[in-house]
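Enquirer:
Residue numbers (my numbering): 1334 to 2273.
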């Protein structure tokens, strides 16, 4: 069920809305809301189980040997976040339908929001650090697409790039921390880490683990000094801002800190860093919010401030502080989502979000103004709202956590942040709805309340702010206590009692000072018009986050250009010199200081056939060196080298490798010959005499060094693992051909990755060669290689070759599991047969008969092949086995007798189709003559 909840928006949600957009916008909105509601209801069905402190688990093996599995865990903490993600998401979907006009793609927005929802649900439900990281990066990618939704706006593109850069770098740091955690504890399972907190904190790697993970959390949740990306992300559509910055993306870092707090609580470094960063972010964000002229900018900095408040509570780390953090997460999600939607309504109706142009909107938008006052009161912490209760809890924990001068400092900073919060909240309400001093008319003269569907989500959230503020014990107390217990992993916890009145104490005094001070501060500043005059950017100057970020990118680009200028000279010789020199250096450094001699393994005499092949290889390589500047000869000689290697494999009883080598050799030679049609026949002599001597010395050192390392390895005894594959190939893989069983079973994941890379390379070649077709060029130099129709005799002969080659290919494929062969070799044989038809019939005629449409058919073949291979791997999940686990069975059909069937054969079918598609796509690209834009020769 947990996996299905993630798959619903990830697969069905992102695809269905695109298909339904052709029907109507209403149907698209209903489909998106339905999926979100289904997820919400499915999650809510677990509430009775979790009230009994149960934990719901779902595990799907992926790579169990390295501890990476799809392991999902639902406890009270993950349920709270998941309900916020889906619940707020549903309200955002409803709001977005009315917010976006018909000129903007609603299906595009919904599909990206669905992708983001799935990523956030994956973070909340993951019990494996590596799977959590995958969803973590998916949130960065999807938020990049969402922030840059309006592609024509430069601000949107810049904000999306900044958000992706900052959060992406944080994700890389977090990956390092996760890997260290796994190496120390031997597991990536989060619930297993809780029991190893002492081991983690006593490790010498604890400090780098803590710092790396904190960087990941701070960047995602916009904490100082990484806060500046969030205001720049306000160029996104308002529904996106309301969703990402109230209940989802910026809360991902908060969730990570809460989820991993049991392994960090007790470490003084953790408490010091997190408390300081949170308090710094709280005060800084609140102060900057006061002077922002853009409504969404004000809300962005207020979000930063409230996130700092939550982080500060997590840094304090006591159970009551964790409870306060959890309560404020709920409260912040409700009032901040509502406020962002209110900002969108104001912009939608008045035509601006600029506070300098807004005033007196109450007479036009009384309902919106009322909802704004309620939610702003919650944001400022006014009594009888939910924000007041969690703010009181925050003040209480500040007072209880410190003593002496540090207590005075913490109380002062907390009260100051409260004053600022009241100030920017009053400014939002008063500046938009009541302040009419400057007397400027609103940009839009036709202002009216929005439709009820646009107001309904805001009204629901505003009502919750009031109800939770008045009846906290009834509506929120059980939730806070359950989530606190799940977060702290403590069985004996004193329950938190939420109430409006706790007596006259220091926290209440701080609240009174904040409310009174913030009100006085605002009206004093507003009376003299200072709020409209203050611009903090010149004051901060070069110390602004965006400026520092731009400087970082500028000097990174300059450094990259410097490296590029001195390395990418366009000369292949220089590239090879750098690569080989670096490789030699990396090989020498580990061996420095060791006495290395040859091993004691008994040597045997080389047979005559081996000496012959060595001489052939030496001769072929020498010829390659001598004729390398003549490209046609070089290709043919390289083909001869491949043939010699094939013979070596045969003599060493490796027929599978021999078949693979010779088929690859033939196809590669054809591809290289076709590529030469784009190049001159001769390679220019680039080298001076000194360079030739330099390269010769380097090549000699590299060759002798590699030979020496090979000698050291071969003269030493080693324990081979071949016995395992020899013994287990038939009983576990169901095949006697050990090589094929290794490829499609024991190391099937590697093979799946290789065919994926092959398909990507072929499609990449198609993209790169677009407009650079060989046939469209009038070649004045080089080889003109074209697939023109061949003589009639050849065409007739080749028509008989194709079915024969296909039969041989089919035979090679079928025997592959028990005898030399398999899908890869069969695919290359089929590709060679089709290449022959291209040569005989001409490319245009061959593609017409195949209906290939200049390679588009082959792209589909690649996709089909990868789909079949991946589907075969996922089928193992139905039996609770890891990805790509194969199965085999003996059946006895009539007339046939014993028939041995293996699921690996289906995987091999995917390999076969992908290989044929990728090879033919490369052939088609290099030989296509219909879309050329070249008018002259291409020089090497």
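Just so you know, even glycine gets a beta-carbon here, dropped at the ideal spot from N, CA and C.
Model, not experiment: these values are computed from the prediction.
(1) I believe residue 1336 touches residue 1391 by the beta-carbon criterion, under 8 Å. Please report the beta-carbon distance rounded to the nearest angstrom.
(2) By how many angstroms is the C-alpha of residue 1427 removed from the C-alpha of residue 1338?
(3) Are the beta-carbon atoms of residue 1806 and residue 1726 separated by less than 9 Å?
(4) Determine, using beta-carbon pairs with one atom in the segment 2070-2082 and one in the segment 2152-2162, whether at least three such pairs fall under 8 Å.
(5) Using CA coordinates, which residue listed in 1731, 1975, 1965 is at the minimum distance from residue 1946?
(6) Run through DSSP, which three-state label would residue 1661 get?
(7) Determine the contact status of residue 1421 and residue 1579, defining contact as a CB-CB distance below 9 Å.
(8) In this structure, does DSSP put residue 2235 in helix, strand or coil?
(9) Which whole-angstrom value is the C-beta distance of residue 1932 and residue 2045, which I expect to be below 8 Å?
(10) Nearest to residue 1447 by CA position, among 1340, 1528, 1525, is which residue?
(11) Is it right to say residue 2059 is buried, meaning 16 or more other beta carbons lie within 10 angstroms of its own, or is it exposed?
(12) Do residue 1817 and residue 1801 count as a contact pair if the criterion is CB distance below 9 Å?
(13) Would you report the Cα separation of residue 1384 and residue 1722, rounded to the nearest angstrom?
(14) When the distance is taken between beta carbons, is residue 1645 closer than 9 Å to residue 1710?
(15) Skipping 5 residues on each side, what residues in its chain have a beta carbon closer than 7 Å to that of residue 1478?
(16) Between residue 2099 and chain D, is the shortest Cβ-Cβ distance under 9 Å, so that the two count as touching?
(17) Suppose you measure from the CA of residue 1754 to the CA of residue 1628; what does that come to, to the nearest Å?
(18) Return the CA-CA distance between residue 1996 and residue 2021, expressed in angstroms with no decimal places.
(19) Compute the Euclidean distance between the alpha carbons of residue 2206 and residue 2243, then round it to the nearest angstrom.
(20) Check whether the segment 1667-1676 and the segment 1726-1745 are in contact - that is, three or more C-beta pairs closer than 8 Å.
(21) Let me know if residue 2288 comes out buried or exposed under the rule of 16 or more other beta-carbons within 10 Å of its beta-carbon.
(22) Identify the residues that DSSP records as bridge partners of residue 1522: which are they?
(23) With DSSP collapsed to three states, give me the class of residue 1405.
(24) Using a Cβ-Cβ cut-off of 7 Å (strictly less than) and excluding sequence neighbours within five positions of residue 1929, which residues of its own chain qualify?
(25) Would you list, in sequence order, the uninterrupted alpha helix (DSSP H) runs of no fewer than 4 residues that lie entirely inside the segment 1413-1468?
(26) Is DSSP giving residue 1963 helix, strand or coil here?
(27) Return the CA-CA distance between residue 1492 and residue 1543, expressed in angstroms with no decimal places.
(28) Just mark residue 1556 as buried or exposed, buried being the case when its beta carbon has 16 or more other beta carbons within 10 Å.
(29) So, residue 1498 versus residue 1395, is the Cβ gap smaller than 9 Å?
(30) Mind checking whether residue 1678 and residue 1783 have CB atoms under 9 Å apart?
(31) Mind listing, in chain order, the continuous alpha helix (DSSP H) runs of no fewer than 4 residues lying wholly within the segment 1479-1561?
(32) Could you pull the start and end residues of the beta strand (DSSP E) that residue 2223 belongs to?
(33) Output the distance between the C-alpha atoms of residue 1424 and residue 1616, rounded to the nearest integer angstrom.
(34) Mark residue 1507 as exposed unless 16 or more other C-beta atoms lie within 10 angstroms of its C-beta, in which case mark it buried.
(35) List the residues that DSSP assigns as beta-bridge partners of residue 1392.
(36) Below 8 Å on the Cβ atoms is my contact criterion, and I expect residue 1388 with residue 1407 to pass it. Report the Cβ-Cβ distance as a whole number of Å.
Expert: To lay it out plainly:
(1) 6 Å
(2) 20 Å
(3) no
(4) yes
(5) 1975
(6) helix
(7) yes
(8) strand
(9) 7 Å
(10) 1340
(11) exposed
(12) no
(13) 23 Å
(14) no
(15) 1445
(16) Protein chains in the displayed structure number just one, and chain D is not present.
(17) 15 Å
(18) 38 Å
(19) 11 Å
(20) no
(21) Beyond the ends of the chain as shown, which are 1334 and 2273, falls residue 2288; an answer cannot be given.
(22) 1461
(23) strand
(24) 2045
(25) 1439-1458
(26) strand
(27) 28 Å
(28) buried
(29) no
(30) yes
(31) 1487-1518, 1523-1527, 1530-1535, 1539-1553
(32) 2221-2224
(33) 30 Å
(34) buried
(35) 1404
(36) 7 Å
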